[in-house]
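Just so you know, we're using my numbering here: the sequence shown kicks off at 1 and counts up by one. Only one structure is covered here, and it is reproduced in the block below.
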Amino acid sequence: METEVASAAAAGMGGDFSLWSLFLRADPIVKTVMGILVIASVWSWAVIIDKSLTFSRIKSKSNKFEDQFWSGKPLDELYRKMRDKQDHPMARVFAAAMEEWSTAKTASGRSDALVIGARERIDKILSVSVSRELEKAESSLGVLATVGSAAPFVGLLGTVWGIMNAFQAIALTKDTNLAVVAPGIAEALFATALGLLAAIPAVVGYNRYSSALNSFAVRLSSFADEFSNILSRQLDERAR
Numbered sequence: 001m002e003t004e005v006a007s008a009a010a011a012g013m014g015g016d017f018s019l020w021s022l023f024l025r026a027d028p029i030v031k032t033v034m035g036i037l038v039i040a041s042v043w044s045w046a047v048i049i050d051k052s053l054t055f056s057r058i059k060s061k062s063n064k065f066e067d068q069f070w071s072g073k074p075l076d077e078l079y080r081k082m083r084d085k086q087d088h089p090m091a092r093v094f095a096a097a098m099e100e101w102s103t104a105k106t107a108s109g110r111s112d113a114l115v116i117g118a119r120e121r122i123d124k125i126l127s128v129s130v131s132r133e134l135e136k137a138e139s140s141l142g143v144l145a146t147v148g149s150a151a152p153f154v155g156l157l158g159t160v161w162g163i164m165n166a167f168q169a170i171a172l173t174k175d176t177n178l179a180v181v182a183p184g185i186a187e188a189l190f191a192t193a194l195g196l197l198a199a200i201p202a203v204v205g206y207n208r209y210s211s212a213l214n215s216f217a218v219r220l221s222s223f224a225d226e227f228s229n230i231l232s233r234q235l236d237e238r239a240r
């Protein structure tokens with residue numbers, strides 16, 4: 001009799017162990033966990049692709065801009081060209097400082113106080129602009145950090161719940177036949193796999209683009225410092 005009950009339970013749970021069948025057959029809580037992990041994985045991949053394109057574009061355009069900046073052309077001429085084409089962080093930092101520089105050039109008087117005031121304003125604008133651009137570049141990296149740290153634990157919840165279902169099947173049928181416990185164990189392992197599939201790319205992506213952001217932060221800050229020195233020297237020359 002017990003064997004017949006176990007066979008009926010196993011037949012009711014089905015013998016198909018495809019991923020879609022595992023999802024459809026899963027407990028509602030396990031289904032919810034799987035759904036959350038799939039959404040998290042898709043979201044993290046969207047961020048990874050976006051950041052890959054963003055940092056690639058920033059690097060390419062920054063290289064071109066620095067070639068123009070260090071070509072020896074007058075800064076005013078470069079500013080006129082870049083004024084309506086501020087499509088990357090370095091150009092926006094340059095334009096923000098040049099706007100203040102243009103204002104300082106037209107100010108009346110050449111006293112030391114005016115020069116010091118202009119220099120301080122330019123330094124402040126450069127600092128604020130760099131911080132703002134880095135904050136923009138950093139956006140959405142928190143998603144990768146959250147998915148990378150939380151997804152394994154969310155998957156573990158589905159795993160624990162699937163194991164509980166397997167033990168409940170054993171208790172109901174009073175049979176340890178593999179056909180009775182296999183569906184619950186399969187659901188549990190599937191939830192674990194989804195958690196890892198969501199977490200691993202997110203962690204790799206977060207580490208990669210955090211490193212890229214740090215490298216760009218150093219590059220942008222160095223540019224701002226060098227640019228500040230150039231404008232400072234020109235202010236000193238005008239004050240003589």
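All C-beta atoms in this analysis are idealised placements derived from N, C-alpha and C, irrespective of residue type, glycine included.
Status (buried if at least 16 other CB within 10 Å, exposed otherwise) for residue i
| i | result |
| --- | --- |
| Lys243 | There is no way to answer for residue 243, as the model of the chain reaches only from 1 to 240. |
| Leu194 | buried |
| Thr159 | buried |
| Leu53 | exposed |
| Lys136 | exposed |
Candidates the options, of which the one nearest residue i by Cα
| i | options | result |
| --- | --- | --- |
| Val143 | Val33, Lys31, Ile39 | Ile39 |
| Ile163 | Ala151, Ala188, Ala145 | Ala188 |
| Glu66 | Met34, Asn165, Ala91, Lys174 | Ala91 |
| Glu138 | Ala46, Phe69, Ser210 | Ser210 |
| Val30 | Leu75, Ala166, Arg208, Lys51 | Ala166 |
| Thr32 | Leu157, Glu237, Ile48, Arg233 | Leu157 |
Under 8 Å between C-beta atoms of residue i and residue j
| i | j | result |
| --- | --- | --- |
| Ala96 | Ile125 | yes |
| Thr202 | Gly155 | Inspection of the sequence shows that residue 202 is occupied by Ala rather than by Thr. No, the Cβ-Cβ distance between Ala202 and Gly155 is not below 8 Å. |
| Ala171 | Gly184 | no |
| Asp84 | Lys61 | no |
| Ser140 | Val47 | yes |
Distance between beta carbons of residue j and residue i, contact taken as under 8 Å
| i | j | result |
| --- | --- | --- |
| Ser44 | Gly205 | 7 Å |
| Phe227 | Phe94 | 7 Å |
| Val130 | Ala224 | 5 Å |
| Ala186 | Ala151 | No, Ala186 and Ala151 are not in contact; Cβ-Cβ is about 20 Å, not under 8 Å. |
| Ala191 | Met34 | 6 Å |
| Leu220 | Arg119 | Wrong, their Cβ atoms sit about 20 Å apart, outside the cutoff. |
Beta-carbon proximity list for residue i, same chain, < 6 Å, skipping 5 on both sides
| i | result |
| --- | --- |
| Leu134 | Ala217 |
Cutoff 7 Å; reference residue i; Cβ partners in own chain excluding five residues on either side
| i | result |
| --- | --- |
| Trp101 | Ile122, Leu231 |
| Met82 | Ala91, Phe94, Ala95 |
| Phe69 | Leu78 |
| Met98 | Leu75, Tyr79 |
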